[in-house]
């Protein structure tokens, strides 16, 4: 078995290495072709840009790395503490579930200006990194604990074990593995948070260097930033994988995406669920109002719910700097571009996942490109998109596609691969080939997973769209974030955060309801 496993690993390595060589050769061709050389610098040109700016780039790289590590460490510590509190005291699960929903619903780019106001530009990146890292690590730990309870909890209780014994011997080992699974995704979000923190006015950081590059038509300099962001992401992932392997909790690459919102606790009493939800929201608003009253900072730096209610009233009555018509128009623009990008992303991901069964070798370069979009912070692509496609709506759609295609691809690939062997054997028994399997069995049984992919894509799509608007076009909700900073009334930033969080939560709830009904229909059809 070891020889077979080693041989298979060597074969996979050789295949991916060959794909990398093909991509490098393609790059060399594009950089020397007269019609594309302007957009694809040669590798020596990229190296020259790196060496010429190495002194200043090293300081920018170090600043972003420090913010990323600080945010990741704080997020990891908060996630571990929250997970253990939730596991040991189940009543707190509802509280942390609500916190997770709130964090999931707010795009980091919307929280970036608030982070700079509250924590200062120097610590903004670490704060955003902490927020980004906390959610996937916490959710992975909770999901692992639930899985352990379902698998072994009842058996342990039947032998007279206490809850603490079950947690110590059964839940905790799987929870630790879950933390390492979530840590991989958490590190990527920590890097993204650090880069977004650089945009808020920090002196050093790759994000600061990136903003200065947006106004320059220097493709080599742009690619240097992209490669440094990829390097920072990969170094962190490598360290996490090594630590996980040493501790015996290593996880495979296909578990990287663990930012799925936690499932709500099942209940047959819908009225009670609604009442509980309203009670949580009311308690959250009261705590928010109390904290804002205690801090008592003028100018909306820490706005309260009453401040936002007053601002909303002034917008509706037409006495605000931003009219309701303008706000609705910009929201409609962001909403339309985000869902256009989702549609393109889902269609592309489903097509690539399907073609991978027919032409596995030919699709390897495309799959490698999808993996690159996962490990590269989305803001690193923005100067490339601006350089190649300009600063218009098409660029925003492309950024949304880059933000959402990896989770969509992995979902469709797993769905296409989870077909019962009996169904495939029937097709093969009648002489069907791979195309027949794909057309008659795999695609019909996996198409419904587009609902799951849509649910996962909504939050990422708003993040990508608003980030592109903030840095490129100045339109939409992302553009309003930039405009309101000059008004010195930061209540607008809080209002946008609340609006986008509410919309994301409503969309997630609606899609989740459709997903639940779809699962029931698929399950009933399969049981017939």
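Residue numbers (this note's numbering): 47 to 574. The C-beta atom is built at its ideal place from N, Cα and C for all residues, glycine as well.
- CA-CA distance, residue 338 to residue 151, rounds to 21 Å.
- Close CB contacts of residue 255 within its chain, under the 6 Å cut and outside five residues either way in sequence, are with 106 (chain order).
- Around the beta carbon of residue 434, fewer than 16 other beta carbons lie within 10 angstroms, which makes this residue exposed.
- 380 is the residue among 219, 380, 353, 521 whose C-alpha sits nearest the C-alpha of residue 549.
- Of the candidates 293, 410, 446, the residue whose Cα lies closest to the Cα of residue 427 is 446.
- In the structure shown, the three-state DSSP call for residue 379 is helix.
- Non-local C-beta neighbours of residue 522 in its own chain, meaning closer than 6 Å and more than five positions away in sequence, comprise 376, 379, 380, 515, ordered along the chain.
- Here the segment 243-254 lies against the segment 106-120, with 3 or more beta-carbon pairs under 8 Å apart.
- Burial state of residue 431 is buried, judged by a 10 Å Cβ sphere holding 16 or more other Cβ atoms.
- Relative to residue 187, the option among 325, 217, 159, 558 whose CA is nearest is 217.
- Residue range 265-292 is occupied by the alpha helix (DSSP H) that includes residue 272.
- The segment 233-242 makes contact with the segment 277-284: 3 or more CB pairs, one atom from each, lie closer than 8 Å.
- Nearest Cα to residue 259 within the set 122, 425, 509: 425.
- The residue among 127, 168, 455 with its C-alpha nearest the C-alpha of residue 114 is 168.
- Taking the C-beta atoms as reference points, residue 402 is found nearer than 8 Å to residue 413.
- In this structure, residue 387 sits near residue 450, with a CB-CB distance shorter than 8 Å.
- Per the coordinates, the alpha-carbon of residue 361 lies some 32 Å from the alpha-carbon of residue 444.
- Taken in chain order, the whole alpha helix (DSSP H) runs of length 4 or more contained in the segment 125-209 are 139-151, 154-165, 167-194, 200-204.
- Around residue 513, the same chain offers 153, 155, 242, 424, 425, 428, 445, 524 as residues with beta carbons nearer than 8 Å, after the five sequence neighbours per side are excluded.
- In the DSSP annotation of this structure, the continuous segment of the alpha helix (DSSP H) that includes residue 244 starts and ends at 218-245.
- The segment 170-181 and the segment 118-129 touch, with no fewer than 3 CB-CB distances between them shorter than 8 Å.
- Rounded to the nearest angstrom, the Cβ distance from residue 382 to residue 458 is 24 Å, too far for a contact under 8 Å.
- A distance below 8 Å between beta-carbons, with the five flanking residues on each side excluded, links residue 74 to the following residues of its chain, in chain order: 88, 89.
- Cβ-Cβ separation between residue 334 and residue 350: approximately 7 Å, consistent with a contact (criterion under 8 Å).
- At least 8 Å separates the beta-carbon of residue 277 from that of residue 392.
- The alpha carbon of residue 372 has as its nearest neighbour, out of 526, 453, 288, 328, the alpha carbon of 526.
- Rounded to the nearest whole angstrom, the C-alpha separation of residue 129 and residue 183 is 9 Å.
- Here DSSP, grouped into helix, strand and coil, assigns residue 463 to helix.
- Each residue's CA atom was taken as its position, placing residue 112 and residue 164 some 19 Å apart.
- Bounds of any alpha helix (DSSP H) do not take in residue 248, whose DSSP letter is neither H nor E.
- In the DSSP assignment, residue 360 falls within the unbroken alpha helix (DSSP H) covering 351-363.
- Here the C-alpha atom of residue 95 lies approximately 6 Å from the C-alpha atom of residue 267.
- Taken in chain order, the complete alpha helix (DSSP H) segments of 4 or more residues contained in the segment 87-114 are 89-98.
- Boundaries of the alpha helix (DSSP H) around residue 410: 410-421.
- Residue 222 has its alpha-carbon roughly 43 Å from the corresponding atom of residue 530.
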